[in-house]
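I have placed the structure first, in the form of structure tokens, so that the comments after it can refer back to it.
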Amino acid sequence: MDKTTKGVIVGASVGVLAGAIAGILFAPQSGKETREDIKKYLHEMKEKIAEELSKVGEITKEKYDEIVNKVVKIYETEKKISSEDAADIKDKLEKNYDEIVKIATEPSKE
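Under our numbering, read the sequence shown as residues 1 to 110, first letter to last.
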């Protein structure tokens, strides 16, 4: 995988993460305080996932899921996000892997 493709995948992953967390932030089940806590960690989580993805050779579905699970688990273990929110974030990110690959493999419009 070349650097450009890898960069697109990493960028797409960060975008999908932002979307997944935004969905949780605006979901009615979370209280205002919970949404504020998640929002506080949004940037950190995106950066950590992007950093981890940039370290791997080939970004496969298994590797992507492993990284997402690892990063989200850190925030859950440290009680920065609830188990319910962690599961929701992981679920949304794992479901969007195909979208990330599609974005990464589309021909450049340059």
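Ideal Cβ positions, reconstructed from N, Cα and C, are used throughout, including at glycine. Owing to the predicted nature of the structure, the values given are computational and were not obtained by experimental measurement.
Item	Value
Report yes if the C-beta distance between I89 and I67 is below 8 Å; otherwise report no.	no
Given this structure, state the Cα-to-Cα distance separating L93 from K3, to the nearest angstrom.	22 Å
Rounded to whole angstroms, what's the CA-CA distance from E62 to E52? Just pull it up for me.	13 Å
Distance, Cα to Cα, S13 vs K79?	23 Å
So, Y97 versus Y64, is the Cβ gap smaller than 8 Å?	yes
Please report the distance separating the alpha-carbon of V56 from that of E47.	15 Å
Would you report the Cα separation of T60 and E76, rounded to the nearest angstrom?	24 Å
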